[in-house]
Amino acid sequence: MASITIHSIKTINNGCSNGFRFDIQDYRQLGDKNLSKTITIDENKLIKATLYFRDEIIDHRETGQRIPVLNVSIWTKSGESTMWSSGLGKFHHYRDKKVSRRDMSVLQKITEDITDDFIKSMAVDNIDDSILSVLDSSSGIISHEVGTGKSETTKE
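Residue numbering for the sequence shown follows the numbering used here, beginning at 5 and increasing consecutively.
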């Protein structure tokens with residue numbers, strides 16, 4: 005794995021806006037050079053926004069271009085210290101800012117436009133409690149959505 009210096013991380017962080025920082029955890033675990041920001045909702049929930057590059061693929065082929073992508077997900081505390089994300093969250097692609105090679109300065113420039121309000125508007129809680137409410141244990145009836153918004157009830 006390639007290495008990065010503390011000086012390089014400080015330089016990257018100095019070029020970021022709106023509280024974004026180099027994501028050291030992603031770098032150490034996956035080798036990815038991303039920018040991220042967390043917004044605490046309460047002691048058990050936070051929003052994580054991650055800005056990174058994705059290879060552009062058209063008709064199952066890589067074009068050689070890289071598209072900046074913002075991913076926003078909600079993380080929930082489970083147990084004493086572990087945080088879990090339910091689902092992938094929501095994505096915003098900056099197709100008008102695609103480049104031929106990954107350039108951290110492009111991501112740094114994009115952070116100028118990503119406000120807390122924008123991040124919060126993208127935050128989607130993917131925990132779906134509806135699966136728990138469809139089973140009525142006393143009647144043995146399972147209700148589920150079918151087609152385009154119609155409800156169907158089945159006797160088990």
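All residues carry an ideal CB built from backbone N, CA and C; glycine is no exception.
Given the structure is predicted, the values throughout are model-derived calculations rather than measurements.
Asked	Found
Would the segment 35-46 and the segment 61-68 be scored as touching if the rule is three or more Cβ pairs under 8 Å?	no
Q33: buried (16+ other C-beta within 10 angstroms of its C-beta) or exposed?	exposed
May I have the straight-line CA-CA distance separating F57 from T119, to the nearest angstrom?	19 Å
Got a sec? Which residues, its chain only, sit under 6 Å from S134 by beta carbon, not counting five neighbours each side?	Low confidence applies to S134: its pLDDT is 44, below 50, so where it sits in the model is not reliable, and the reading given next is rough at best. Cβ within range, chain order: n/a, list empty.
Using only CA atoms, which one of K81, I61, F95 lies nearest to S104?	I61
Between which two residues does the beta strand (DSSP E) carrying S82 extend?	65-82
Starting from the Cα of G19, find the closest Cα among I123, K113, D63 and give me that residue.	K113
Confirm, please, whether the CB-CB distance from K124 to I51 is below 9 Å.	yes
Are P72 and L55 close, meaning C-beta to C-beta below 9 Å?	yes
Between A53, N22, D107, D100, which has its C-alpha nearest K94's C-alpha?	A53
For R99, which residues in the same chain have their Cβ closer than 7 Å to its Cβ, ignoring the five residues on either side in sequence?	I71
Just to confirm before moving on: does the CB-CB distance between N38 and E116 stay below 9 Å?	no
Would you kindly work out how many angstroms separate the C-alpha atoms of R106 and K49, rounded to a whole number?	31 Å
Given a threshold of 16 other Cβ atoms within 10 Å of its Cβ, counted over all protein chains shown, does I16 qualify as buried or as exposed?	buried
With DSSP as the reference, label Q25 as helix, strand or coil.	Residue 25 is actually Arg in this sequence, not Gln. Three-state DSSP puts R25 in a strand.
Buried or exposed for D27, please, with buried defined as at least 16 other CB atoms from any protein chain shown within 10 angstroms of its CB.	buried
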